[in-house]
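Protein chains: 4
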Amino acid sequence: MSSIKVTVWNEFRHEKTDEAVAKIYPDGIHEAVAESLRSAGFDVKTATLDQPEHGLTSDVLDDTDVLIWWGHMAHREVQDEIVARVKERILGGMGLIVLHSGHFSKIFTSLMGTTCNLKWREIGEKERVYVIEPGHPIAEGLGEYFEVPHSEMYGERFDIPAPDTLVFLSWFEGGEVFRSGCCYHRGMGKVFYFRPGHESYPIFYQPEIKQVLANAVRWAAPVGGPTVTFGHRPEPVEHVEPYEG
Amino acid sequence: MSSIKVTVWNEFRHEKTDEAVAKIYPDGIHEAVAESLRSAGFDVKTATLDQPEHGLTSDVLDDTDVLIWWGHMAHREVQDEIVARVKERILGGMGLIVLHSGHFSKIFTSLMGTTCNLKWREIGEKERVYVIEPGHPIAEGLGEYFEVPHSEMYGERFDIPAPDTLVFLSWFEGGEVFRSGCCYHRGMGKVFYFRPGHESYPIFYQPEIKQVLANAVRWAAPVGGPTVTFGHRPEPVEHVEPYEG
Amino acid sequence: MSSIKVTVWNEFRHEKTDEAVAKIYPDGIHEAVAESLRSAGFDVKTATLDQPEHGLTSDVLDDTDVLIWWGHMAHREVQDEIVARVKERILGGMGLIVLHSGHFSKIFTSLMGTTCNLKWREIGEKERVYVIEPGHPIAEGLGEYFEVPHSEMYGERFDIPAPDTLVFLSWFEGGEVFRSGCCYHRGMGKVFYFRPGHESYPIFYQPEIKQVLANAVRWAAPVGGPTVTFGHRPEPVEHVEPYEG
Amino acid sequence: MSSIKVTVWNEFRHEKTDEAVAKIYPDGIHEAVAESLRSAGFDVKTATLDQPEHGLTSDVLDDTDVLIWWGHMAHREVQDEIVARVKERILGGMGLIVLHSGHFSKIFTSLMGTTCNLKWREIGEKERVYVIEPGHPIAEGLGEYFEVPHSEMYGERFDIPAPDTLVFLSWFEGGEVFRSGCCYHRGMGKVFYFRPGHESYPIFYQPEIKQVLANAVRWAAPVGGPTVTFGHRPEPVEHVEPYEG
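Chains as they are written, first to last, in the working numbering: chain A, 1233 to 1477; chain B, 1233 to 1477; chain C, 1233 to 1477; chain D, 1233 to 1477.
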């Protein structure tokens, strides 16, 4: 598994403009996530919005098995042609893990086909994340639930297609619930949406979060299935009686 | 149920340019479909590509419970802003039934998030459509299977998200299979993709096809569920202990 | 819709032995549920454990479109042969609505294939039920959520197969979440599990609960789909080249 | 992965009573399957119906990560208490792979909750198995489809719950289709039903079949998720306002 190639993408803006965020993630959220995945044995690089082509050149994508996506305040600045390029790769087999506020990213909404809207509140309330499908590989190494002591609330209804597999459900102190871990097959690729992880809290240093991300990378990595082909097949596989119309 | 308001949309090009098609559908495919739904008691109007705003003005959509979509050769001519308008309505509760070659329409691919590509062949081969979920309302009045004597073949892999409910599977004489009846919840709306129905064959006059379309209209009609709201909820529903960060 | 025939089944024990329960449901929970469904226009009868054949004779089932099941302390007293009879009817198209503590009934666990176990607590805490799939017919007439002021808690993990459609999620004051409205196709029939409804609280008099039950009856009613047949088909539908082995 | 422990169970009757079968599988189907899994690097043992406790003692199950099940003519001879023991293990996390005629085994029907009935025919016709979910690990190493030159036909409707993930669909020469590769989460365990594999044909020596079985073993193996607990939780996780009733 150590050879799975991960690219962690971050818009990397909060960390430069907001002192409180910079204090928690001095090298950016991408570095915190990358570091935790490196410790788990993956081959990890990073890319950010302000790099040429947002750091997501064809060469970088050629060398990526699983892409992790963090964005929040600059979703609109991501160029449509880069989004199209990334989407083509995912439908072709690359894994995608979308974190927290990435629910509103162009790549996620484009793959889901819905608004991906939700209710939210930021008062540092408690979140308790329950494992709903304990036999799923993304639940490896977890307990029946884990807590995020201070979290931004995301509340239902979350406007997504029903997940192929729902792995986590969150309870919030303020009274809401949320589908927090959602697995999707899209094309030849796999997509995992994971709710926890606000920029104002040190959530990406929490052991359970790191465990989930490592599990999700393994789950989302390409499997070497068939290369799917499409289009005109003038010759039937089986003999067909001629039809004169 | 007689008050469900249906709008049948057709790009209406084949029927004007191809004599063979015009012979089968002299008033256009939309009129054949509309007529069969009128007989089933629905309140039906039609709209076509070459009308102003493709016939899909806000007024028309205000007056539509279920939209039926046929397109084939002119998907690209459908304006993006009209697609966005229709999509917003569907996510807001309007039903959508996509017919056959509509798999490549902008509205369907945008709602699915995938390419919706497939394999195809047109040699007039036989199709046998099996009911897979016999307790689903779209199976009402059908037998265990029905046949389309001469059909365009669509073959897997069909690049769609796994349907919420798979109602029909097709067998083709030439050796392929296909997921032919696929139900999706998207936003507050419902989407049904139905495979049979090529412009070169009189498929829309077939009793089983008419039955499926009437069933699908009833299934896809809005249900009067909650109006979903999104966005900032500064006040928690329950008391939350203050957090000083 | 007024002609849907509903049978409300109740083990009818708590109401005879527990004064507090009898005060809330003097004629039994079945009569409270039946009365609310009668007001909604359905044709409703009741049956209870201590009747001959538990009130579920073949004649009664012949005359039932949707069966509603309440049981709690006497699941084991339900005879296996009656359970088998009911199960055959459900797989044959009859609808089943399982209420609250019915999660442990023989009929539900047999249809699910899992233990249907869960965590529980009875301290009268608050429950908030969120609509997750607002386009589903069982959500008709509801708001984005409704509250049950005093409820028995059921907490995840609920050991069920992932529902075909998840309609409701519950938040509990004491810190848990639960999949509270779960739809399943089983055979030609449909099954809806609905969590709220403890015998110690007047939950079945609550307008939202009555609305959900009426919606669920309409959803679960048989649709008149194909009568499925099974077994040996010595003659192929299509010509097959003889094989000599 | 080489340490996954597999037990291949076979009723082992055909091979003793039917010369044609014995010629194809001289040591029993279980040995053919076991041998192919050993070559794939798994730690494989076998068990058969006529052994004490059908070879499925607690010790054997303690030492099993994934159980493979073949049965056909003697499903009824499998003792209910052994079935209960196996089921408890699966719900507790052990993987189960059910082959072909095992659709009617007690363990599979008990886990599915439905009849698992189907249509069938044995005239040696051709089967073509299509990969429907190319990003699923069970599709690893396969092409877009593979053929079984001579096969027993199983036709829809297959009376199963809709699979969590549908991986394969079969086309049959005689005109039917079938959901041939079906994945389920049940309890903490995972179940894969795989259609191909009749006793009269050398199907288990076919490379694609061996590939699917190895893939399925890896997919079904336990993941080390949370140990789920159930029952009374008198103490809430969060503070609850006392309720006096």
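Even glycine gets a Cβ: it sits at the ideal position worked out from N, Cα and C.
Closer than 7 angstroms to chain A by CB, residue i
{"i": "Leu1323(C)", "result": "no"}
{"i": "Val1330(B)", "result": "no"}
{"i": "Gly1375(D)", "result": "yes"}
C-beta neighbour in chain D for residue i, strict 7 angstroms
{"i": "Pro1468(C)", "result": "yes"}
{"i": "Glu1365(A)", "result": "yes"}
{"i": "Gly1421(A)", "result": "yes"}
{"i": "His1471(B)", "result": "no"}
{"i": "Val1455(C)", "result": "no"}
{"i": "Trp1241(B)", "result": "no"}
{"i": "Leu1401(C)", "result": "no"}
Buried or exposed (CB count within 10 angstroms, at least 16 for buried), residue i
{"i": "Ala1448(D)", "result": "buried"}
{"i": "Met1385(B)", "result": "buried"}
{"i": "Met1233(A)", "result": "At Met1233(A) the pLDDT is 44, less than 50, meaning the model places this residue with poor confidence; the figure from the coordinates comes in the next sentence. Classification for Met1233(A): exposed."}
{"i": "His1471(B)", "result": "exposed"}
{"i": "Ser1235(B)", "result": "exposed"}
{"i": "Ser1290(C)", "result": "exposed"}
{"i": "Thr1459(C)", "result": "exposed"}
{"i": "His1332(B)", "result": "buried"}
{"i": "Tyr1437(D)", "result": "exposed"}
{"i": "Ser1402(A)", "result": "buried"}
{"i": "Met1326(B)", "result": "buried"}
{"i": "His1464(A)", "result": "exposed"}
{"i": "Ala1252(D)", "result": "exposed"}
Contact with chain B by residue i, beta-carbon distance below 7 angstroms
{"i": "His1382(A)", "result": "yes"}
{"i": "Ala1371(C)", "result": "yes"}
{"i": "Thr1249(A)", "result": "no"}
{"i": "Lys1351(A)", "result": "yes"}
{"i": "Glu1267(D)", "result": "no"}
{"i": "Glu1320(C)", "result": "no"}
{"i": "Ser1234(D)", "result": "Note that Ser1234(D) scores 49 on pLDDT, short of 50, meaning its location in the model is unreliable; the coordinates nonetheless yield the value given after this. Not one chain B Cβ lies under 7 angstroms of Ser1234(D)."}
Opening and closing residue of the alpha helix (DSSP H) in which residue i lies
{"i": "Leu1445(C)", "result": "Pro1439 to Ala1452"}
{"i": "Asp1312(C)", "result": "Asp1312 to Leu1323"}
{"i": "Arg1270(D)", "result": "Ile1261 to Ser1271"}
Residue of the options minimising C-alpha distance to residue i
{"i": "Asp1295(B)", "options": "Ala1306(B), His1286(B), Lys1277(B) and Cys1415(B)", "result": "Lys1277(B)"}
{"i": "Thr1346(B)", "options": "Glu1354(B), Ala1371(B), Ala1446(B) and Ser1337(B)", "result": "Ser1337(B)"}
{"i": "Cys1415(B)", "options": "Val1265(B), Ala1264(B), Met1344(B) and Val1240(B)", "result": "Met1344(B)"}
{"i": "Val1455(A)", "options": "Arg1245(D), Arg1411(D), Leu1374(D) and Val1361(D)", "result": "Leu1374(D)"}
{"i": "Gly1406(C)", "options": "Pro1439(C), Ile1355(C) and Leu1350(C)", "result": "Ile1355(C)"}
{"i": "Glu1357(C)", "options": "Ser1432(C), Glu1476(C) and Asp1275(C)", "result": "Ser1432(C)"}
{"i": "Phe1424(D)", "options": "Phe1410(D), His1430(D) and Val1444(D)", "result": "Val1444(D)"}
{"i": "Leu1350(A)", "options": "Trp1301(A), Ile1300(A), Trp1241(A) and Pro1393(A)", "result": "Pro1393(A)"}
Closer than 7 angstroms to chain C by CB, residue i
{"i": "Lys1255(D)", "result": "no"}
{"i": "Gly1407(D)", "result": "yes"}
{"i": "Gly1413(B)", "result": "no"}
{"i": "His1215(B)", "result": "Residue 1215(B) lies beyond the range of chain B shown here (1233 to 1477); nothing can be said about it."}
{"i": "Ile1261(D)", "result": "no"}
Where residue i falls: helix, strand or coil (DSSP)
{"i": "Phe1462(D)", "result": "coil"}
{"i": "Ala1371(D)", "result": "helix"}
{"i": "Met1344(A)", "result": "helix"}
{"i": "Gly1329(C)", "result": "Strictly speaking, residue 1329(C) in this sequence is Ile, with Gly absent from that position. In this structure, Ile1329(C) counts as strand in the three-state DSSP scheme."}
{"i": "Asp1291(D)", "result": "helix"}
{"i": "Glu1243(C)", "result": "coil"}
{"i": "Glu1285(D)", "result": "helix"}
{"i": "Glu1405(B)", "result": "coil"}
{"i": "Ala1279(D)", "result": "strand"}
Boundaries (first-last residue) of the beta strand (DSSP E) holding residue i
{"i": "Phe1424(C)", "result": "Gly1421 to Phe1426"}
{"i": "Phe1410(C)", "result": "Val1409 to Arg1418"}
{"i": "His1246(B)", "result": "Run containing His1246(B): none in the beta strand (DSSP E); it sits in the alpha helix (DSSP H), His1246 to Thr1249."}
{"i": "Ile1300(D)", "result": "Val1298 to Trp1302"}
{"i": "Ile1355(A)", "result": "Lys1351 to Val1363"}
{"i": "Phe1378(A)", "result": "Tyr1377 to Gly1387"}
Contact test: residue i Cβ vs the ligand ADP heavy atom, cutoff 6 angstroms
{"i": "Gly1324(B)", "result": "The ligand ADP is not part of this structure, which contains no ligands at all."}
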